[in-house]
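Below you'll find the structure, written out as structure tokens, and then a few comments.
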Amino acid sequence: MEMFALEHDVAQWESALLPLRGAGRVPLLLALSWHLRQRDCARAIALSEEAHLLLPLAGLEAVALEQARARLQLVQAEVAWLQGALDAAESLAMAAHAMLCAHGDGAACADAHWLLSSIAVDRGDHARCDAELLAAAQQARGAGDAMRASLADAAMARWAVLRDAPAAQARWSGHFQADAGVKLAAPLAAWVHDFHGLLAHTSRDLGAAAGHYMQSYEAALESGQLRGAITAAINIGDCFSSLNDNESALEWMQCALDLARPTGWPRSIGACQTHTAETMRKLGRLGAAEDLLREALHILAPVSGARTYANALLHLGELSLDKGDYDTALDAFSRLAQRAEALGQADFRSMAQRGSAHALSYLDRPDEALQAAERACQLATAQGDAMHQVAALRVLSMLHARHDLPPPAGMSERNPALHFLHQALQVAASIEGYSPPGELLDALAREYAHAGDYARAYDIALDAGVAREKSHTQQASNRATAMQVYHQTEHARSEGYHHRELAASEARRAEVLQQTSDTLERLSAIGQEITTHLDASAVFQVLDRHVHALLPVNTFAVYMLEPTGTALRRAHGMEAGRPLPDNAIPLSNPRAYSVRCLLGRREVYIDQVPPKRHAYTVPGTLHNQSVLYVPLMVGERVLGVMTVQACHANAYGERERLIFRTLCAYGAIALDNASAYRQLQDAQAQLASQEKLAALGSLMAGVAHELNTPIGNSLLIASTMQQKTEDVERLMNGPGLRRSDLAAFIDDAGKASALVMRGLRSAADLVNSFKQVAVDRTTEQRRQFDLQQVSNEIIATVMNRIRGSGHSIDMEIAFGIAMDSYPGPFGQVITNLINNALLHAFAPAPNDGAAGTGCMRLSATTDGARARIVFEDNGGGIAEQHLSRIFDPFFTTKLGQGGSGLGLSISYNIVTALLGGTIQVASSPAGTRFTLDLPLVAPQLDGAAPASIY
Numbered sequence: 001m002e003m004f005a006l007e008h009d010v011a012q013w014e015s016a017l018l019p020l021r022g023a024g025r026v027p028l029l030l031a032l033s034w035h036l037r038q039r040d041c042a043r044a045i046a047l048s049e050e051a052h053l054l055l056p057l058a059g060l061e062a063v064a065l066e067q068a069r070a071r072l073q074l075v076q077a078e079v080a081w082l083q084g085a086l087d088a089a090e091s092l093a094m095a096a097h098a099m100l101c102a103h104g105d106g107a108a109c110a111d112a113h114w115l116l117s118s119i120a121v122d123r124g125d126h127a128r129c130d131a132e133l134l135a136a137a138q139q140a141r142g143a144g145d146a147m148r149a150s151l152a153d154a155a156m157a158r159w160a161v162l163r164d165a166p167a168a169q170a171r172w173s174g175h176f177q178a179d180a181g182v183k184l185a186a187p188l189a190a191w192v193h194d195f196h197g198l199l200a201h202t203s204r205d206l207g208a209a210a211g212h213y214m215q216s217y218e219a220a221l222e223s224g225q226l227r228g229a230i231t232a233a234i235n236i237g238d239c240f241s242s243l244n245d246n247e248s249a250l251e252w253m254q255c256a257l258d259l260a261r262p263t264g265w266p267r268s269i270g271a272c273q274t275h276t277a278e279t280m281r282k283l284g285r286l287g288a289a290e291d292l293l294r295e296a297l298h299i300l301a302p303v304s305g306a307r308t309y310a311n312a313l314l315h316l317g318e319l320s321l322d323k324g325d326y327d328t329a330l331d332a333f334s335r336l337a338q339r340a341e342a343l344g345q346a347d348f349r350s351m352a353q354r355g356s357a358h359a360l361s362y363l364d365r366p367d368e369a370l371q372a373a374e375r376a377c378q379l380a381t382a383q384g385d386a387m388h389q390v391a392a393l394r395v396l397s398m399l400h401a402r403h404d405l406p407p408p409a410g411m412s413e414r415n416p417a418l419h420f421l422h423q424a425l426q427v428a429a430s431i432e433g434y435s436p437p438g439e440l441l442d443a444l445a446r447e448y449a450h451a452g453d454y455a456r457a458y459d460i461a462l463d464a465g466v467a468r469e470k471s472h473t474q475q476a477s478n479r480a481t482a483m484q485v486y487h488q489t490e491h492a493r494s495e496g497y498h499h500r501e502l503a504a505s506e507a508r509r510a511e512v513l514q515q516t517s518d519t520l521e522r523l524s525a526i527g528q529e530i531t532t533h534l535d536a537s538a539v540f541q542v543l544d545r546h547v548h549a550l551l552p553v554n555t556f557a558v559y560m561l562e563p564t565g566t567a568l569r570r571a572h573g574m575e576a577g578r579p580l581p582d583n584a585i586p587l588s589n590p591r592a593y594s595v596r597c598l599l600g601r602r603e604v605y606i607d608q609v610p611p612k613r614h615a616y617t618v619p620g621t622l623h624n625q626s627v628l629y630v631p632l633m634v635g636e637r638v639l640g641v642m643t644v645q646a647c648h649a650n651a652y653g654e655r656e657r658l659i660f661r662t663l664c665a666y667g668a669i670a671l672d673n674a675s676a677y678r679q680l681q682d683a684q685a686q687l688a689s690q691e692k693l694a695a696l697g698s699l700m701a702g703v704a705h706e707l708n709t710p711i712g713n714s715l716l717i718a719s720t721m722q723q724k725t726e727d728v729e730r731l732m733n734g735p736g737l738r739r740s741d742l743a744a745f746i747d748d749a750g751k752a753s754a755l756v757m758r759g760l761r762s763a764a765d766l767v768n769s770f771k772q773v774a775v776d777r778t779t780e781q782r783r784q785f786d787l788q789q790v791s792n793e794i795i796a797t798v799m800n801r802i803r804g805s806g807h808s809i810d811m812e813i814a815f816g817i818a819m820d821s822y823p824g825p826f827g828q829v830i831t832n833l834i835n836n837a838l839l840h841a842f843a844p845a846p847n848d849g850a851a852g853t854g855c856m857r858l859s860a861t862t863d864g865a866r867a868r869i870v871f872e873d874n875g876g877g878i879a880e881q882h883l884s885r886i887f888d889p890f891f892t893t894k895l896g897q898g899g900s901g902l903g904l905s906i907s908y909n910i911v912t913a914l915l916g917g918t919i920q921v922a923s924s925p926a927g928t929r930f931t932l933d934l935p936l937v938a939p940q941l942d943g944a945a946p947a948s949i950y
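If you read the sequence shown in our numbering, its first letter stands for residue 1, the second for the next number, and so on.
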């Protein structure tokens, strides 16, 4: 894993992370949490915590798992460092370092040393900073990571400039020379240009310094080094301030502060406030400057060991001198001296002593002031810093002019003040390209006048005028330089902004493409869910759920076109979580958006509903500001209208409208399918009812035929006996009744009564049998019965059709097979099998005009708690290609010839759903066999939800 990554890489990882789920996210979570550690601390921590939870599921080997956990610890450590929690940061970094070293991960160890060096800087321990950076470079080189090694070298060079600029230049200036035409990688460029900028700044080449800082700023932003970018922006502001372009300086200070404030990092925010306060001091806005400095010192308290804190103390001391608050100034410079010793940075040491001398002088403590000024001069001389040496000598001159102090050793001038001013001029003359300022010569002229040498004072005053003229020229040159630097930095800034915008635009494009892909994928899954439902109410519920999940919605409603085609009726509606009442909108209503949508067959979107439209709002509903209506269309047919509405204006952009159109398309298909399925169910129920009525009609025809013979015979005998009775009566009333006639009548009457009784008993038995079958068929009630008896009764009801067809049926079922089941549905199954055989098995041959004699056989055996019932025939059999479909609803080979295609389907449902058994079929050209395997005791059904078997 690289130490720093560019913006477009991070954007690509962000896009790639979106569709991933579970442990598959771990590699990108590790990369993003590491490279967002300065770009977005909060998100980096959130991603690192997610990665920590998923790591055990990622299937990593033990070593890789430990290294990943150590990397996440480094993320937490760096965030803690940035937030000023130095102890916590160091503890986490040390723990991660120990784990990484144990596994020999040199590159990651270098990252740990790098972070520890940054923590040391904020503690003010620059010796340890150097040691950690040196260790980082060694670890990186050992791991073969040239980039990390170069970064560590550049950081060491950068900090070396602040300690000893000439030595740093001698050691490092040739170390980072890039090959001609080869641009430094952004992570390294941020540090190399910062190093060169500091070198140029210390040598007063402010234009070059600003140029390097600008390149450092852009490279730091591009590589995610936000803290470095803030520092570079501050340094650019300092360059403008030194060029007396304080307005541009403040602009860059504000740029730095805008970067720092959202982060909450104390060191960065405090540094911005400190340098902004110094610029304000130069502009004379002392009160605002002091407020900023006080706030900066408070914010910087957690990192009081850092150079930034020392810088704030320096500026507070200088501001207090300007205000004449010498006690505060002395306190600030004394604290600065302590920090300067801890930091080991000579520039702060010299400035702290010089400032203390100035404050002590005005507090009438001349001896202490003299000692401080002499130490400042010695430190500047030892450092080789001519500018600080000149400043210290001027303070010594001021002290001797204000106080009666012992003259310095080797004094060759008339008084100590002149002595130190001449020394200051000599040192200033040694600075290449530097002209002594007019105020230094003015001070010298005043001292000569004070000493009575007016001629010399006059000559020097003339030189001071020339110096001021040069100063004005230099200031003009500085202003020109400032303008040039401003244009250069603005050009570089705009170019950097352009590149960042291009990268951001590419990232946004990738994100939009990913979001579009994700949205389409999600809509596809939603479409599958919607169209799986064949019930309209279920479709409405799914649409409602997904509409509220994907869109800003206050009101959602579906209007369906009434069968009459004269109105739209609300089939589903929800508003603010409450169901909407039923509502119908006539198609003759010209004001209704829904009617316009339906009749126009087009989308209607109102981004801001006019207030006058509120008068037409349905009573009891809310006044929505954005409304979107889309027709529900399947091909050219319009089923209705679907609408979403929101309380705020402009709620639905192109993306939202695209999502809603897609949902409407899926909804229309699903609702059309639900309507077709409902019609199919109605037709199936009607056909099943007709099938059942036909079976009952067949039953009644059988009953009528079976009763016709015994009742007809009884009627014939009764009519004959009626005639004989009339004859006997006539004989009795006429010539007379002979004994032989009476005996014959009695004999005929006895025979007739015997025949009538036998016929009526037969009819009574048939009626009882038919009545039981009829009750079983119509009530579907469960009861205990004997299988033989019920089978006899069932066959009796269809015997008329069997004999009429010229066929026969045999039954081989032993008495005593007791069942606890549903005799009515069982009878329906047997009847359907018989009718199916009569219709299909014994059909006439293609070349014959009549069917042959067929035989059917019904048999049953028991095996434990189950009965095996076989119905077979010797007909033509079932074609092999039809065997897999004979139980399908509406499948028949005799459509329009008496076959409905429901008989065997109903039988299958009865056997499997109600009787708790199975039905199998085997067929050949020699006939067909149906085998029913039924439990003797049928399973119990839920009384609250009876099975629908017809």
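Where a beta carbon is used, it is the ideal one built from N, C-alpha and C, also for glycine.
Predicted, not measured: the structure shown is a model, and the values here were computed from it.
Buried or exposed by the 16-neighbour rule on C-beta atoms within 10 Å, applied to residue i
i, result
"Pro590", "exposed"
"Gln215", "buried"
"Thr274", "buried"
"Gln784", "exposed"
"Ile530", "buried"
"Gln383", "buried"
"Met819", "buried"
"Pro975", "For residue 975 there is no data in the structure shown, the boundaries of the chain being 1 and 950."
"Tyr629", "buried"
Endpoints, beta strand (DSSP E) assigned at residue i
i, result
"Cys963", "Because the chain in this structure spans residues 1 to 950, residue 963 falls outside the shown range and cannot be described."
"Ala584", "584-586"
"Gly927", "927-935"
"Pro631", "626-634"
"Ile919", "918-924"
Coil, strand or helix - residue i by DSSP
i, result
"Ile606", "strand"
"Asp164", "coil"
"Pro825", "helix"
"Thr564", "coil"
"Met1", "coil"
"Leu360", "helix"
"Met721", "helix"
"Val10", "helix"
"Glu413", "coil"
"Gly344", "coil"
Nonlocal neighbours in the same chain, by C-beta distance under 7 Å from residue i, ignoring five residues either side
i, result
"Gly527", "Tyr666"
"Gly124", "Gly305, Ala306, Arg339, Ala342, Leu343"
"Leu65", "Leu55"
"Ile669", "Thr531, Val634"
Where the alpha helix (DSSP H) containing residue i begins and where it ends
i, result
"Met280", "266-282"
"Val595", "593-600"
"Leu65", "62-82"
"Val539", "536-550"
"Val192", "186-202"
"Asp442", "438-450"
Sequence-distant residues of the same chain with beta carbon closer than 8 Å to residue i, five excluded per side
i, result
"Arg446", "Ala457"
Chain B within 9 Å of residue i, Cβ atoms only
i, result
"Ala62", "The displayed structure is made up of one protein chain only, and chain B is not part of it."
Nonlocal neighbours in the same chain, by C-beta distance under 6 Å from residue i, ignoring five residues either side
i, result
"Pro302", "Gly84, Pro266"
| query | Does the segment 851-860 touch the segment 907-914, meaning 3 or more C-beta pairs lie closer than 8 Å? | reply | The segment 907-914, when compared against the segment 851-860, does not touch it at the 8 Å Cβ threshold.
| task | Could you tell me whether the segment 153-165 touches the segment 186-202, where touching means 3 or more Cβ pairs closer than 8 Å? | result | At 8 Å Cβ cutoff, the stretches touch.
| said: If contact is defined by three or more beta carbon pairs under 8 Å, each pair taking one atom from either stretch, is the segment 369-377 in contact with the segment 393-400? | reply: yes
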